[in-house]
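S.K.: In our numbering, the protein residues as written are 3 to 550.
Below is one structure. I have some questions about it.
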Amino acid sequence: MDAAKRILDSADPFACIEVDPDALAGKPITILCIGHSQDTALIDARQTPELGELLASQPLFGAYQAKLTHRALLRTFKTGPERWACAMLVEQLIAGGRREPLELDAIAQKYLTKSMPEADEGFDAIRLRTQGIAQLLQCQIESINEEKLRTVSKIEAQAVAPIAEMEEMGMPLDTAKWRSLTQDAQAKLDEISRHLQNFMTKNAPKDLFGKASINLESHAELKQALNAMGIQVPNTRRDTLRQLPPPLGPWLTRHSELSKVVSTYGNSFLKYATEHNRIHPSFAQIGASTGRMACHSPNLQAIPKDSEHRDCFHSDTGRMMVVADYATCELRILAEMSGDPVFREAFARGDDLHSTVATSLFNKPVSKTQNSDLRHRAKAVNFGLVYGMGAGGLAKTLQVNPQQSRELLNQYFRTFPKIKDFLENQAYLSLERGYSETLSGRRLYLDFDPTDSSARAQAERIAKNMPIQGTSADITKLALALVWKKTRLIPDAYIVNAVHDEIVVECNEGDTEEVARVVQQEMLHAGQTLLKEVPMEVDIEIGKIWSK
C-alpha cells in the first residue's frame with residue numbers, strides 16, 4: 003500500500019494500471035502494477051484487499067484496455083475509479099474512423115518508436131508495459147489537445163466505468179421462456195419449410211428438380227428455383243419476396259422471418275447465459291464510425307422492440323426495471339444544429355414534430371388521428387434525412403415511385419430551407435476540410451476518390467448524417483456516466499443495458515420512483531450539456547420487463 007501511495011503522490015498527471023493477463027481474461031487480479039513514466043510498483047492484489055478503496059478514491063487512471071481493467075478491479079475489489087484514460091479508445095478518437103492498428107505494440111511504435119513486451123513474459127514485462135502506457139498516453143494527450151478532441155475524450159473517459167459495470171452486472175434473462183420460444187419458432191419453421199418444398203418442387207420443371215429438396219437458406223438456390231418456376235427476381239431479400247403473389251410470397255416472407263429468429267435468437271443465444279440466468283454481453287465503446295456503441299456476444303441491441311423475446315428479459319422478485327430513452331433525439335439535434343425555427347418552436351412547445359412538419363408541408367391540419375397518412379410521410383422524410391436516406395430509399399419506405407419521392411423531398415426543402423442549408427453546408431464543409439464532426443468535436447475523416455461521383459455522393463451522405471448520429475452517441479455516453487454516478491449511491495441499483503439512446507436500470511422495487519427521477523434528471527442534464535437551444539425529452543417506463 004505504501005508503494006501504491008508513493009506512485010499516486012508522484013504521478014503527473016495520473017497513474018496507470020496494468021494487471022496480469024488472466025485478470026483481463028475474466029479472473030480476479032493476482033498481480034497489479036501501478037505506475038507512471040518514471041516509477042512503478044508491483045502489488046499482490048490477493049494480499050492487499052484495501053487497495054480497491056485507494057484506487058476508487060482517485061479521479062482518473064490510465065490503462066491500455068480500460069474497460070477490461072475496470073472489470074478486473076470489480077471482480078477483485080468490488081469497486082473502481084470514476085474515469086479512465088484508455089489508450090485504445092484515445093487512439094480510436096484520434097483515428098476518427100480511419101483504419102489504424104489498435105494493438106498496444108503498434109500504438110507504441112507510432113508514438114514511442116519502440117515495442118512493448120507481453121504481460122505474460124514476467125514481472126519486469128508488466129512494469130515496462132505500465133511505464134510504456136504512461137508514456138504513450140502523454141503523447142496521445144498532446145495529439146488530443148492539438149486536434150481539439152478534449153471534450154469528446156472526456157466523455158469517453160467518463161463512460162468506461164459505467165459500461166464496464168454494465169457488462170459485469172449483466173441483463174436478467176428467463177432462459178426457460180427463451181428456450182420455449184425457440185422451440186416454437188423451429189416447429190413453425192419446419193412446417194412452413196414442408197409447405198414450401200411441396201409447393202416449389204410440384205410447380206418446378208421435373209427435369210430440373212424432380213423430387214429433390216431445395217435449400218431454402220441458400221439465396222442462390224432459392225433464386226434459381228424461383229427462376230425455374232418462371233418467377234424472375236433480382237434477389238431473395240425479404241422485401242423482394244414480400245412482393246410475390248400468394249401463397250409463395252407470404253410463405254417465403256414468413257420462412258425468412260422464422261429463420262432469422264431461430265438462427266439469431268435461438269439456442270445459440272443461450273450459451274451466453276450464466277447459471278444465474280443473466281446475459282453479460284460485450285459492448286464496444288466506439289463500435290461505429292459515428293461513435294455509437296456496438297454490442298456482441300450476444301447482441302442485445304438487435305432484439306426487436308415489441309417482440310416476444312423482449313418479454314424474456316425481466317427482473318426477479320422484488321426487483322424492477324426503469325427503462326428510459328430520449329424522445330426524437332436525432333431530430334432535436336437536427337433542430338439545434340440547423341436553427342430551423344419550425345423545428346425549434348415545435349420542440350419548445352412540446353408539440354408532435356411529425357404532425358407539425360406535415361401540417362407545414364401539405365398545408366392541411368395533421369395529427370396522429372387527423373390525416374395520419376400525411377404524418378407518416380413527414381415522419382419518413384424526417385428520419386430519412388437523419389439517417390442519410392436519399393430519394394431512392396424514401397421511395398422504398400413510402401412505396402412510391404422515385405419521381406414522387408424526389409418531389410416530396412424538394413417540397414420539404416422549400417418548406418424548411420434551414421434544414422436544406424444545414425445539410426448542404428455540412429457536406430461542403432466536411433468534404434472541404436476532410437472530416438465531419440459532432441457538437442462535442444468527435445471527428446470522422448472522409449477518405450474517397452474525388453473523381454468518383456458515386457464515392458463522392460456516399461461521402462456527402464456520411465457528412466450529413468455523422469454529426470447528428472455522432473452527437474446522439476455523445477449525449478448517450480455522457481448520460482451513462484451521469485446516471486451511473488448518481489445511481490451507484492442507491493443500494494442495488496445498476497445500469498444493465500444501453501441501446502443507442504436508451505438506458506436500462508435495474509433496482510429494488512421500493513426504489514423505482516427515486517431511480518426514475520434520477521435517471522430522467524441526469525439524462526436531461528447530459529442533453530443540455532451539448533444542446534444549448536433545444537430542450538431534450540426523456541420517456542420513462544417502469545416495470546418487470548424490458549418493454550421499450
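By construction, the Cβ of each residue, glycine as well, lies at the ideal position given by its N, Cα and C atoms.
1. Mapping the DSSP letters down to three states, classify Arg458 as helix, strand or coil.
2. What is the residue span of the beta strand (DSSP E) that Asp541 lies within?
3. Would you mind working out which of Ala457, Ala500, Phe450 sits nearest Ser474, comparing C-alpha positions?
4. Do you know whose CA, among Val324, Lys190, Glu102, lies nearest Glu259's CA?
5. Rounded to the nearest angstrom, what separates Cys88 and Ala68 at their Cα positions?
6. How is Asp209 classed by DSSP in three states: helix, strand or coil?
7. Could you compute how far the alpha carbon of Thr440 sits from the alpha carbon of Glu148?
8. For the beta strand (DSSP E) containing Trp86, list its first residue and its last residue.
9. Would you grab the beta carbon distance between Phe345 and Leu336 for me? Rounded to a whole angstrom, and I think it's under 8 Å.
10. Is the separation between the beta-carbon of Val540 and that of Thr489 shorter than 8 Å?
11. Considering just the uninterrupted stretch of the alpha helix (DSSP H) at Phe125, what are its terminal residues?
12. Could you check which residue in Glu167, Ser265, Lys534 has the C-alpha nearest to that of Val498?
13. Quick one: using the 10 Å Cβ neighbour count with 16 as the cut-off for buried, is His311 buried or exposed?
14. Along the chain, where does the alpha helix (DSSP H) that runs through Tyr414 open and close?
15. For Ala110, count neighbouring Cβ atoms within 10 angstroms of its own Cβ and tell me buried if that reaches 16, exposed if not.
16. Name the DSSP bridge partner or partners of Asp176?
17. Could you check the C-alpha separation between Ser117 and Ala108 for me, to the nearest Å?
18. Of the residues Pro236, Gly172, Ala187, which one's Cα is nearest the Cα of Glu277?
19. Compute the beta-carbon to beta-carbon distance between Glu332 and Ile470, rounded to the nearest angstrom, for a pair I have assumed lies under 8 Å.
20. How is the alpha helix (DSSP H) around Phe285 delimited, first residue to last?
21. Suppose you measure from the CA of Thr242 to the CA of Val235; what does that come to, to the nearest Å?
22. Please list the segments of the beta strand (DSSP E) lying wholly inside the stretch 220 to 273, counting only runs of 3 or more residues, in order along the chain.
23. Count the other C-beta atoms from every protein chain shown that fall within 10 angstroms of the C-beta of Asp342, then say buried if there are 16 or more, exposed otherwise.
24. Enumerate in chain order the residues of its own chain whose CB-to-CB distance from Thr81 is below 8 Å, with the five nearest sequence positions on each side excluded.
25. With DSSP collapsed to three states, give me the class of Val501.
26. Do you know how far the Cα of Val536 is from the Cα of Arg334?
27. Let's see if you can read the secondary structure: which residues bound the beta strand (DSSP E) around Glu277?
28. Identify every residue that forms a DSSP beta bridge with Ala65.
29. Going by DSSP, what residue range makes up the beta strand (DSSP E) through Ala326?
30. Do you know offhand how far Val517's Cα is from Gly289's?
31. Expressed to the nearest angstrom, what Euclidean distance is found between the alpha-carbon atoms of Ala13 and Gln40?
32. Tell me where the alpha helix (DSSP H) around Gly529 begins and ends.
33. Roughly how many angstroms lie between the CA atoms of Lys225 and Trp253, to the nearest whole one?
34. Select from Met339, Asp126, Phe201 the residue whose C-alpha is nearest the C-alpha of Lys420.
35. Between the C-alpha atoms of Pro83 and Tyr437, what's the straight-line distance to the nearest angstrom?
36. Could you tell me which uninterrupted alpha helix (DSSP H) segments, each at least 4 residues in length, are contained entirely in the stretch 350 to 387, listed from first to last along the chain?
M.R.: Let me lay it out:
1. In the three-state scheme derived from DSSP, where H, G and I count as helix and E and B as strand, Arg458 is classed as helix.
2. From DSSP, the beta strand (DSSP E) with Asp541 extends over 540 to 545.
3. It is Ala500.
4. Comparing Cα positions, the closest option is Lys190.
5. CA-to-CA, the gap between Cys88 and Ala68 works out to about 5 Å.
6. With a pLDDT of 48 at Asp209, under the threshold of 50, the modelled position of that residue is not reliable, and the figure given next carries that caveat. Collapsing the DSSP output to three states places Asp209 in coil.
7. One C-alpha to the other measures close to 17 Å.
8. 85 to 88 is the span of the beta strand (DSSP E), which, as asked, contains Trp86.
9. Contact between Phe345 and Leu336 holds, since their C-beta atoms are separated by about 7 Å, short of 8 Å.
10. Against a cut-off of 8 Å, the Cβ pair of Thr489 and Val540 comes out as no contact.
11. Segment 125 to 148, the alpha helix (DSSP H) holding Phe125.
12. Among Glu167, Ser265, Lys534, the Cα nearest to that of Val498 belongs to Glu167.
13. Buried is the call here.
14. Boundaries of the alpha helix (DSSP H) harbouring Tyr414: 404 to 417, taken from the DSSP string.
15. Note on Ala110: 16 or more other CB atoms within 10 angstroms of its CB, so buried under the neighbour-count rule.
16. Per DSSP, none; premise fails for Asp176.
17. Rounded to the nearest angstrom, the gap between the Cα atoms of Ser117 and Ala108 is 8 Å.
18. The shortest Cα separation from Glu277 among Pro236, Gly172, Ala187 belongs to Gly172.
19. Glu332 to Ile470, Cβ: 5 Å. Contact.
20. Note, Phe285: premise wrong, no alpha helix (DSSP H); beta strand (DSSP E) at 284 to 286.
21. Rounded to the nearest angstrom, the two C-alpha atoms are 7 Å apart.
22. The qualifying runs do not exist here; there are none.
23. Buried, since its Cβ has 16 or more Cβ neighbours within 10 Å.
24. These residues qualify, in order along the chain: Gly54, Glu55, Leu57, Ala58, Leu75.
25. When DSSP states are grouped into helix, strand and coil, Val501 belongs to the strand group.
26. Cα-Cα distance, rounded: 6 Å.
27. Unbroken run through Glu277: none, as it is neither H nor E.
28. Partner residues in the beta bridge of Ala65, as assigned by DSSP, are Cys88.
29. Boundaries of the beta strand (DSSP E) harbouring Ala326: 321 to 328, taken from the DSSP string.
30. Approximately 28 Å, taken between the alpha carbons.
31. Answer to the nearest angstrom: the Cα atoms are 9 Å apart.
32. Its alpha helix (DSSP H) spans residues 514 to 532.
33. Distance from the CA of Lys225 to the CA of Trp253, rounded to the nearest whole angstrom, comes to 15 Å.
34. Of the listed residues, the one whose Cα sits closest to Lys420 is Met339.
35. Inter-residue distance for Pro83 and Tyr437 is about 33 Å (C-alpha atoms, whole angstroms).
36. Look at the stretch 350 to 387 and you find these whole runs of alpha helix (DSSP H), each 4 residues long or longer: 355 to 364.
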